[in-house]
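Here the protein sequences line up with chains A and B, keeping their order. Heads up: the first sequence begins at 603 in the numbering used here, then just goes up one per residue. Heads up: the second sequence begins at 603 in the numbering used here, then just goes up one per residue. For every residue, glycine included, the Cβ atom is placed at its ideal position computed from N, Cα and C.
2 protein chains.
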Amino acid sequence: MILKEKGISKAVISRLPRYYRYLGDLLDSGVERISSGELSERMKVTASQIRQDLNNFGGFGQQGYGYNARVLREEIGKILGLDKVHPMIIIGAGHLGQALGNYGFDKNGFKVVGAFDINPDLAGMKIRDVSVQMLDELPEFLDQHVVEIATLTIPKEAAVEVAQILVRNGIHAIWNFAHTDLNLLLPEDVVVENVHLSESLMRLSYNLTNIVGAEADRKKKIGAEKR
Amino acid sequence: MILKEKGISKAVISRLPRYYRYLGDLLDSGVERISSGELSERMKVTASQIRQDLNNFGGFGQQGYGYNARVLREEIGKILGLDKVHPMIIIGAGHLGQALGNYGFDKNGFKVVGAFDINPDLAGMKIRDVSVQMLDELPEFLDQHVVEIATLTIPKEAAVEVAQILVRNGIHAIWNFAHTDLNLLLPEDVVVENVHLSESLMRLSYNLTNIVGAEADRKKKIGAEKR
């Protein structure tokens, strides 16, 4: 079975974590075996799409049997690299950095091993069992520890400079929450996943603004309050 | 100028917040006027794509002049609904809920007016100037206040039930951080924006795992440590 394959489309890759989650939900509810038809119904993706997606990686289904949910989940986990521990640091130990450090990503192998900030008030603060260090200690830390992923929860003004420090010190993966598209500025062998929370909220606002019912309800309610 | 238009593709809508952000960056750096060519270079989108995108909304450019950055940003803001205040509540006042409440989305009109949790230890805790209330007070709160958006930062097990309470009480927009795709379960006049943080991290892990250089570096380093 081919576990790694280059040239898989971005759309397929972006669906893999969802397959992984759905299969976990199925196993939690005691389902061990599932057809592409049933998986399709749950995920609102066509069955042929699912078969096509999974065929990219060698195909895991058996004619007339469907998929073994446990095996399929494990294999998708391997493709996603979840069978290994990925040591991670957090740069920016404010509210969002603390939230991400406490989130529990370690159950998927993402283990927080360090946290950094420039605010001396945060020095020594614990995020789970990790103590916040000052940012100027970062290069030495990276020299002495294996770190794969850096999470950036800092203002955009500082993001480019910090990203460059990270890259110079051997980091190849950045999970970026700063309001700037870092991938446009870094070498090609550095992967960046941007999470722009305010853009997500703006998409919601656009969709809300364009739903007539919501607008009507709102006006009715405001009207009622004014009476 | 047409400000609202139905049937704009999802891809265009998803680019609008980015245009909005880039135009803000330009204005911050003193640039008032920009051609689609310059905007294209900064955003790594083709100039014709930009002209096409903006033409969906009536077209804001002038031949030979380019775009007035301030006017264009304002108009895109209107399209996104950012010219209005959107009262928002947060359900789930744990680390992530607190982080989102403290994030500063209010500068784009998203004003947190309430926060709810089931944990009595959090009752009365302040998120900015909002006190955390208990979840059973939610229906009465929604009856007495204008709320447009509900942010869900709760475990997936509780998400569907809470979403149904929200919808029954007139909420049409949910910003969902729970690990489940709520949009598949709610009425069509409710818009949901799912933010699946762990899926984002898994995409990063996939991309990292498939970069040969990163793997090689990691092994080298682990090897060096073991010596």
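Tell me whether residue i is buried or exposed, calling it buried when 16 or more other Cβ atoms sit within 10 Å of its Cβ.
i        : result
Gly632/B : exposed
Asn805/A : Correcting the residue identity first, residue 805/A is Arg in this sequence and not Asn. Counting Cβ neighbours within 10 Å, Arg805/A comes out buried, since at least 16 surround it.
Glu643/A : exposed
Ala717/A : buried
Pro619/A : buried
Asp731/B : exposed
Tyr667/A : exposed
Thr755/A : buried
Leu628/A : buried
Asp655/B : buried
Asn721/A : exposed
Asn809/A : buried
Ser807/A : buried
Leu605/B : Confidence at Leu605/B is low in this model, with a pLDDT of 37, below 50, so its placement is unreliable and no value can be given for it.
Gln735/B : buried
Leu786/B : exposed
Glu795/A : buried
Val762/B : exposed
Give me the residue from the options with the minimum Cα distance to residue i.
i        : options                                : result
Ser800/B : Glu634/A, Asn710/A, Met645/A           : Asn710/A
Tyr621/B : Tyr667/B, Gly666/B, Ile681/B           : Ile681/B
Thr811/A : Val792/B, Val797/B, Gln766/B           : Val792/B
Val715/A : Gly639/A, Lys612/A, Thr753/A           : Thr753/A
Leu625/A : Ile813/B, Asn809/B, Val797/B, His781/B : His781/B
Asp719/B : Ile692/B, Gly703/B, Phe743/B, Tyr705/B : Ile692/B
Ile751/B : Pro689/B, Leu702/B, Gln700/B           : Pro689/B
Tyr669/B : Ala725/B, Met736/B, Val614/B, Gly639/B : Gly639/B
Val797/A : Ile678/A, Asn778/A, Pro789/A, Met727/A : Asn778/A
Phe707/B : Leu803/A, Asn809/A, Ile610/A, Tyr808/A : Leu803/A
Arg770/A : Ala760/A, Pro789/A, Asn785/A, Ala649/A : Pro789/A
Lys713/B : Ile610/B, Leu724/B, Leu684/B, Leu737/B : Leu684/B
His697/A : Leu768/A, Lys728/A, Arg672/A, Ser616/A : Lys728/A
Gly772/B : Asp783/B, Asp745/B, Lys758/B, Leu784/B : Asp745/B
Pro757/B : Ile678/B, Leu724/B, Ser616/B, Ala695/B : Ala695/B
Ala671/B : Lys646/B, Leu641/B, Ala649/B           : Leu641/B
Glu563/B : Gly699/B, Leu674/B, Arg653/B, Gln651/B : The displayed coordinates of chain B run from 603 to 829. Any statement about residue 563/B would go beyond what the structure contains.
Asn704/B : Gln700/A, Glu742/A, Asp783/A           : Gln700/A
Val614/A : Leu768/A, Val647/A, Phe743/A, Gln766/A : Val647/A
Pro741/B : Leu768/B, Asn657/B, Glu759/B, Asp723/B : Leu768/B
Val749/B : Val687/B, Asp783/B, Glu677/B           : Val687/B
Beta-carbon of residue i versus every beta-carbon of chain B: anything under 8 Å?
i        : result
Met804/A : yes
Ile604/A : The pLDDT assigned to Ile604/A is 37, lower than 50, so where the model puts this residue is not dependable; a value taken from the coordinates is nonetheless given after this. False, the Cβ-Cβ gap to chain B never drops below 8 Å.
Ile615/A : yes
Lys728/A : no
Val797/A : yes
Leu768/A : no
Asn784/A : Sequence check: residue 784/A is Leu here, not Asn. Taking Cβ atoms only, chain B never reaches closer than 8 Å to Leu784/A, which makes this a no.
Leu698/A : yes
Arg675/A : no
Asn704/A : yes
Phe659/A : no
Asn771/A : no
Glu640/A : no
Ile692/A : no
Ser611/A : no
Ile652/A : no
Asn721/A : no
Val793/A : yes
Counting only beta-carbon atoms, is residue i nearer than 8 Å to chain A?
i        : result
Ala775/B : yes
Ser631/B : no
Pro619/B : yes
Phe850/B : With chain B covering only 603 through 829, there is no way to say anything about residue 850/B.
Arg813/B : According to the sequence displayed, residue 813/B carries Ile and not Arg. Chain A, which has a Cβ nearer than 8 Å to the Cβ of Ile813/B, makes this yes.
Leu684/B : yes
Asn809/B : yes
Lys713/B : no
Leu628/B : no
Phe718/B : no
Val732/B : no
Tyr667/B : no
Ala695/B : no
Ile636/B : no
Glu596/B : Only positions 603 to 829 of chain B appear in this structure, which leaves residue 596/B out of reach.
Ala725/B : no
Please check if any C-beta of chain C sits within less than 8 Å of the C-beta of residue i.
i        : result
Val687/A : You won't find chain C in this structure, because its protein chains are A and B.
**Request:** Counting only runs of 3+ residues fully inside the region 639-715 of chain A, write out the beta strand (DSSP E) ranges in chain order.
**Result:** Counting whole runs of 3 or more residues, the region 639-715 of chain A contains the beta strand (DSSP E) stretches 688-693.
**Runs of alpha helix (DSSP H) lying entirely within the region 767-791 of chain A, each at least 4 residues, in chain order** = DSSP runs (the alpha helix (DSSP H)) wholly in the region 767-791 of chain A: none.
**beta strand (DSSP E) runs wholly inside the region 714-767 of chain B, at least 3 long, in chain order** = 732-736, 751-754, all fully within the region 714-767 of chain B.
**Request:** Please name the residues in the region 734-766 of chain A whose beta-carbon is closer than 7 Å to at least one beta-carbon of chain B, in chain order.
**Result:** Within the region 734-766 of chain A, those residues whose Cβ lies closer than 7 Å to any Cβ of chain B are, in chain order, Val748, Glu750, Ile751.
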